[in-house]
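Report on one structure; see the data block that follows.
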Amino acid sequence: MPNQETITSATALGRPMGAAFGRPFPRQGPVEHCSHVQCWEPEPLILGDSTLGARSSNPDNGTLIAQLRPEPLHAMRKYRSQSVPTDRWANIEPFVLDAVALVAPACAYLAERLMVAVTPYVDWVVHINGMQKVANVFHPVLIRRYISRDDLHLKDKTLRDYRSFLLRISEVVLPDEGPIEFAPLNGQSVTAPYTDLEMNLLETWALGQSTALRRRGAGAVLALGAGAGLDPWEMQQLRRSDVLVDRDGALVDVQGGRPRSVPVLERWEQLLIDSLADVPDDAWVLGGEDRKATYNFVTPFINHTDFGNEPKPVPTRMRATWITTHLAGGTHVGELMAAGGLRKPEHLVTSLRHIPTMDASEHRRRILAEAREVR
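Structure representation (structure tokens):
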């Protein structure tokens with residue numbers, strides 16, 4: 000098995016922005032049980048002179064432009080679809096491999112999940128719809144049509160994962176295509192903020208766990224998610240010494256993902272302080288010293304807690320609640336983006352629809368104006 004392979008793609012297909020690389024999945028990323036230190040390569044692939052679907056491992060012919068790690072490369076090459084006939088897979092395999100390689104996965108798990116999502120989609124576009132193997136295969140309109148099909152028989156979570164993967168490739172190969180509207184895949188978005196009543200119920204969930212260990216973990220997850228806007232990977236990279244408490248409140252020094260300092264909302268300060276009582280400074284906030292560093296254990300931990308009539312605790316919804324709380328309170332956009340590790344003000348604009356008391360258009364203008372001030 001070679002240690003590297005060259006993947007080439009057409010210059011006209013565009014390239015991903017560097018800010019999207021070199022970090023684990025973003026907080027709304029689709030890999031629920033993967034928390035590798037690096038899911039994507041630090042830099043995107045530099046694009047060459049061939050068409051999407053061409054592959055070369057000969058550096059002497061001038062097409063050596065990027066190298067994949069052995070683990071994702073092996074996962075991609077060994078993949079065989081169970082649903083696509085052999086002859087059709089042979090026709091689209093190079094195209095699929097290049098499309099996946101173009102977004103530069105850095106771990107085997109991510110590479111395999113990309114192959115699982117992209118292969119049936121490309122088969123549908125090329126063999127069922129008769130399109131040529133060109134960049135427009137990943138047009139957002141086609142992705143929307145595919146995800147909206149009635150015969151996919153996939154769970155909403157899986158459809159959201161596939162949509163996220165395909166749109167990531169689309170943003171790379173068709174950078175000039177603007178975003179389009181997608182219908183919600185279920186009745187409750189995983190990024191919709193909780194209501195005040197739901198947050199009260201979740202606080203009861205955290206405090207009502209049957210063991211002290213579960214109460215400590217549930218309290219920390221809720222306080223860090225709803226009180227500081229951290230995602231699971233960031234939560235499990237924290238040690239007790241990263242949470243500073245003084246007369247001004249609690250401050251979290253985020254170490255994973257996008258390093259930053261985040262003040263904890265006053266409502267959740269005491270819950271966080273109580274959850275970290277008696278935890279040594281050098282100990283992890285969540286999990287023991289023998290935990291697996293590359294595994295997302297926050298979601299499995301939540302799934303094994305005691306439940307009542309409260310809504311399901313979802314870290315992405317906790318973070319969305321943190322964002323909308325700051326927006327409703329008039330926090331300056333520059334400060335909120337810095338505290339949340341956000342790079343685009345559009346991420347905040349999409350949260351306005353969850354605040355019915357706000358004039359969305361007016362606040363959208365304010366957010367974009369304040370964002371320009373800090374650029």
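With numbering that gives the first Met the number 0 as the guide, the letters of the sequence shown map in order to residues 0 to 374.
Cβ coordinates follow ideal geometry from the N, Cα and C atoms, glycine included.
If you're wondering where the values come from, they're calculated on a predicted model, not measured in any experiment.
Note to self: Check this for me: beta carbons of N222 and W283, under 8 Å apart or not?
What the structure shows: Note that residue 222 corresponds to Ala in the displayed sequence, not to Asn. Their beta carbons are not under 8 Å apart, which means A222 does not touch W283 by this criterion.
Note to self: Once the 5 residues before and after N302 are set aside, which same chain residues still bring their CB inside 7 Å of it?
What the structure shows: Answer for N302: no residue qualifies.
Next item on the list: Can you give me the Cβ contacts of I354 inside the same chain, cut-off strictly under 7 Å, excluding the 5 residues immediately before and after it?
Entry: T323, L326 and A327
Note to self: So, at 8 Å on beta carbons, what are the nonlocal neighbours of M234 in its own chain, with the 5 sequence-adjacent residues on each side left out?
What the structure shows: A219, V220, L223, G224, V284, L285, V297 and P314
Check: Is it buried or exposed for I127, if we count other Cβ within 10 angstroms and need 16 for buried?
Finding: Exposed: under 16 other Cβ atoms inside 10 Å.
Notebook entry, point to check: For S240, does the three-state DSSP call read helix, strand or coil?
Noted result: It is helical.
Next item on the list: Round the Cβ separation of V83 and D122 to the nearest angstrom and send it over; I've been treating them as touching at under 8 Å.
Entry: 5 Å
Next item on the list: Indicate, with yes or no, if the ligand MN has a heavy atom lying under 7 Å from the CB of V95.
Entry: In the structure on display, the ligand MN does not appear, and there are no ligands present to speak of.
Checklist line | G226 versus Y120 - alpha carbon distance | finding: 39 Å
Note to self: Within 10 Å of its beta-carbon, does A211 have 16 or more other beta-carbons around it, so buried, or fewer, so exposed?
What the structure shows: exposed
Next item on the list: From the DSSP output, in three-state form, read off A191 for me.
Entry: coil
Next item on the list: Would you tell me roughly how many angstroms separate the C-alpha atoms of R213 and T304, rounded to the nearest one?
Entry: 7 Å
Margin query: Quick check on the burial criterion: 16 or more other C-beta atoms within 10 angstroms. Buried or exposed for P258?
Written below: exposed
Next item on the list: Using the DSSP secondary-structure output, state which residues sit across from A249 in a beta bridge.
Entry: A249 pairs with V244.
Checklist line | Per-residue burial, E265 [other beta carbons within 10 Å of its own, 16 or more giving buried] | finding: exposed
Next item on the list: Can you give me the start and stop residues for the beta strand (DSSP E) that S260 sits inside?
Entry: R259 to P262
Next item on the list: Please look up how many angstroms separate the CB atoms of A319 and T190, rounded, as I've assumed it's under 8 Å.
Entry: 5 Å
Item checked: the region 108 to 120 / the region 66 to 78 touching (three or more Cβ pairs under 8 Å) -> yes
Item checked: Straight-line gap, L347 to D175 (C-alpha atoms, nearest Å) -> 22 Å
Notebook entry, point to check: Just the Cα atoms here: how many angstroms apart are A217 and S260?
Noted result: 22 Å
Check: According to DSSP, is P104 helix, strand or coil?
Finding: strand
Check: So, I91 versus F137, is the Cβ gap smaller than 8 Å?
Finding: no
Margin query: Spatial neighbours of L341 within its chain, please: C-beta separation below 8 Å, excluding the five flanking residues on both sides.
Written below: L335 and L347
Notebook entry, point to check: With distances taken between CB atoms, is the gap from A110 to V95 smaller than 8 Å?
Noted result: no
Next item on the list: Please determine, among I142, R238, T85 and Q269, the residue with the shortest C-alpha to C-alpha distance to G248.
Entry: Q269
Notebook entry, point to check: Taking V133 as the reference, which of G333, L158, L196 and P93 has the closest Cα?
Noted result: P93
Note to self: Measuring alpha carbon to alpha carbon, tell me which residue in A89, W88 and C106 is nearest R68.
What the structure shows: C106
Note to self: Within 10 Å of its beta-carbon, does R144 have 16 or more other beta-carbons around it, so buried, or fewer, so exposed?
What the structure shows: exposed
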